[in-house]
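Enquirer:
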Amino acid sequence: MHLSTILTTTVALASVPGVLGHPGMGKALGEIMSRQADEGDSTELLGDLVTLKDKDLTNVGKDIKKLLTGKGNPESNEKYTKVPPKNSAACKADTCCIWSYIAKDMYGFMAGQSGRCTKWARFAVRMGFHDAAGWSKSTASQGNGADGSIILSKSELDRSENNGLQEMGARFQQMYDNYRGQGWDIGMADLIQMGANVATVTCPLGPRIKTYVGRRDSATPAPDNLLPDVNADADSLIALFRDKTIGPHGLVALVGAHTTSQQMFVNESRAGDPQDSTPGVWDVKFYPETTGKAPARVFRFPSDIKLSQHPTTKKEWKEFSGGGGQNHWNEDYAREYIRLSLLGVNNINKLTECTKVLPPTTKKFSPSDQRKVEKWLNNTDRKGKAAKIAENLLAGDLVVDEVPATASPTAPAAVTPAA
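If you count by mature numbering (1 follows the signal peptide of the UniProt record, and there is no 0), then the sequence shown holds residues -21 to -1, 1 to 398, one letter each, in order.
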């Protein structure tokens, strides 16, 4: 739940004369707020923070502990001024310096000509999720989580749930080998999570998430069956994520990353179709277009529909869909992604914050080709110009071609799966 919602409730009750002075009211209000927080929010500590005492926490450890317990700001606009030259002694002495160069390289292939983010940005977000989510409380003794194993294991990436990530894996492997070959001791786990956060802020309207480096790598593949299935029911998804310390509200925030997506493998006959009307843009249209009307080409995952209708999650889904939904979602997503990116990490107190290396945010976005995109969204042709437009959007390029704004009579209609 958005922190401001709880605060608004508290202020409103406090403004009623005598309310907090009524016997037991203060305790009752505390219990109500506790239930609100526990109902669907993620507040469990992770890794070494579970056992460390406050007096033993570093500044980073203290900050992350606040973020994990629903406090503090998960976003940051801190800038990196006067970045040392790449091969200088000053750069080698500053942990974040080389990550500034890595982030710049990533931005180069994640930012599209149109201002939208490219397929590489979307792959990177998915890669970050799939590496980190290979952890649960039930399997914690086996390790894994955000450890780079999705690439380092040489087998995890070939699993069916990772279809479409092989190109990204090869690209990250090349970056990893390149920088390590130059003498930089970077980790694959950090490279993957840095990539996810660079990607998120590169997509227009995306949050600038606090970003940390210093994770330990592992080549041991994650256990099977820890990633969500697109056909899963809501109860199964909620249980799966609770086992990762992520509550229902956090789950609703995280699935919103589908807003930038163009699905390729769930239904290959509709490869390239987006999951909302603004692929490559980090907006909240995914939420109302999953539950309500959407253009014919929008592709909805059955699991998303079911989650949007579940009693535990539909209120949060609706809040993201309404006024103020963008800021609400950005904050919630940022907080939950920080949690996700630290699953299985047992040296959190020793991490270094390098948020300052991320690109700046894009607060407003109005693409010049939107009219052409809207026509394409309402046309279900799969070949010719329609296929070219899908490729343009994947590449982040401006759409040049136009298709009729009505679907071809012979084309398959977009079908909304039953909940």
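Just so you know, even glycine gets a beta-carbon here, dropped at the ideal spot from N, CA and C.
Let's see if you can read the secondary structure: which residues bound the alpha helix (DSSP H) around Ala213?
Expert: It spans Ala213 to Arg221 - the alpha helix (DSSP H) in which Ala213 sits, taken as one unbroken run.
Enquirer: Does the stretch 220 to 235 come into contact with the stretch 283 to 302, if we say contact requires no fewer than three beta-carbon pairs (one atom in each stretch) closer than 8 Å?
Expert: Flag = yes, the stretch 220 to 235 and the stretch 283 to 302 touch.
Enquirer: I think Ser117 touches Asp203, with their Cβ atoms under 8 Å apart; what is that distance to the nearest whole Å?
Expert: Actually they do not touch by this definition, with Cβ atoms about 13 Å apart.
Enquirer: State the Cα-Cα distance for the pair Ala201 and Asp380, rounded to the nearest angstrom.
Expert: Cα-Cα distance, rounded: 44 Å.
Enquirer: What does DSSP give as the partner residue(s) for Cys96 in the beta ladder?
Expert: Cys96 pairs with Ala90.
Enquirer: Could you round the C-beta distance between Lys342 and Glu57 to whole angstroms and report it? I think they count as a contact, below 8 Å.
Expert: Their Cβ separation, rounded to whole angstroms, is 17 Å, which puts Lys342 and Glu57 out of contact at 8 Å.
Enquirer: May I ask you to list the residues that DSSP assigns as paired with Val192?
Expert: Per DSSP, Thr331.
Enquirer: Considering only residues of the same chain and omitting the five flanking positions on each side of Asn38, which have a CB-CB separation below 6 Å?
Expert: Closer than 6 Å at the Cβ level, and outside the excluded window around Asn38, lies no residue.
Enquirer: Give the secondary structure of Pro253 by DSSP, where H, G and I count as helix, E and B as strand, and everything else as coil.
Expert: Pro253 falls in the strand class under three-state DSSP.
Enquirer: Rounded to whole angstroms, what's the CA-CA distance from Gly191 to Val378? Just pull it up for me.
Expert: The amino acid at residue 191 is misidentified as Gly; the sequence shows Tyr. Taking the straight line from one Cα to the other gives about 36 Å.
Enquirer: Between the C-alpha atoms of Val209 and Val245, what's the straight-line distance to the nearest angstrom?
Expert: Their Cα atoms are separated by approximately 8 Å.
Enquirer: Buried or exposed for Gln241, please, with buried defined as at least 16 other CB atoms from any protein chain shown within 10 angstroms of its CB.
Expert: Label assigned to Gln241: buried.
Enquirer: CA-CA distance, Gly363 and Val180?
Expert: If you take the alpha carbons of Gly363 and Val180, they lie about 32 Å apart.
Enquirer: Out of Cys182, Ala198, Ala112 and Asp84, point me to the one whose CA is closest to Gln153's CA.
Expert: The residue with the shortest Cα to Cα distance from Gln153 is Asp84.
Enquirer: Is Glu54 helix, strand or coil when you go by DSSP?
Expert: Looking at Glu54 - three-state DSSP - the assignment turns out to be strand.
Enquirer: Straight-line CA distance for Pro281 to Ala69?
Expert: Distance between the alpha carbons of Pro281 and Ala69: 51 Å.
Enquirer: Excluding the five sequence neighbours on either side, which residues of its own chain have a C-beta within less than 8 Å of the C-beta of Leu36, listed in chain order?
Expert: The residues are Leu28, Lys44 and Asn328.
Enquirer: Please state whether the Cβ-Cβ distance between Ala168 and Arg194 is less than 7 Å.
Expert: Cβ distance < 7 Å, so Ala168 and Arg194 count as in contact.
Enquirer: Based on Cα-Cα distance, which residue from Tyr316, Arg95 and Gly303 lies nearest to Ile225?
Expert: The residue with the shortest Cα to Cα distance from Ile225 is Tyr316.
Enquirer: Are the stretch 262 to 270 and the stretch 354 to 371 in contact at 8 Å, needing three or more beta carbon pairs?
Expert: Contact fails: fewer than three Cβ-Cβ distances are below 8 Å.
Enquirer: If we ignore side chains and look at the alpha-carbon of each, how far apart do Glu135 and Ala111 end up?
Expert: Spanning the two alpha carbons is a distance of roughly 12 Å.
Enquirer: For the alpha helix (DSSP H) containing Gln130, name the first residue and the last one.
Expert: Before going on, a small fix: residue 130 reads as Ile here, not Gln. Unbroken alpha helix (DSSP H) run through Ile130: Ser128 to Leu131.
Enquirer: DSSP three-state label for Gln161, please.
Expert: Three-state result, Gln161: coil.
Enquirer: Which residue marks the beginning of the alpha helix (DSSP H) containing Asn246, and which one marks its end?
Expert: Neither: Asn246 is in no alpha helix (DSSP H) and is coded neither H nor E.
Enquirer: Counting only the same chain and skipping the five closest in sequence on each side, list residues whose C-beta sits under 7 Å from that of Gln121.
Expert: So the qualifying residues of the chain are Pro202.
Enquirer: Quick check on Asp156: buried or exposed, where buried means 16 or more other Cβ atoms within 10 Å of its Cβ?
Expert: Classification for Asp156: exposed.
Enquirer: With burial defined as no fewer than 16 other Cβ atoms inside 10 Å of the residue's Cβ, what is the status of Lys34: buried or exposed?
Expert: Looking at its Cβ environment, which holds fewer than 16 other Cβ atoms inside 10 Å, Lys34 is exposed.
Enquirer: Pick out the complete alpha helix (DSSP H) segments inside the stretch 17 to 79, 4 residues or longer, and give them in chain order.
Expert: Listed in chain order, they are 38 to 47 and 68 to 72.
Enquirer: In angstroms, rounded to a whole number, what distance separates the CA positions of Asp73 and Arg279?
Expert: Their backbone Cα atoms lie some 45 Å apart in a straight line.
Enquirer: Can you check which of these residues, Asn141, Leu205, Ala100 and Ala384, is closest to Asn358 by C-alpha distance?
Expert: Answer by Cα proximity: Ala384.
Enquirer: Which one or two residues does DSSP pair with Gln242 in a beta bridge?
Expert: Its beta-bridge partners are Asp252.
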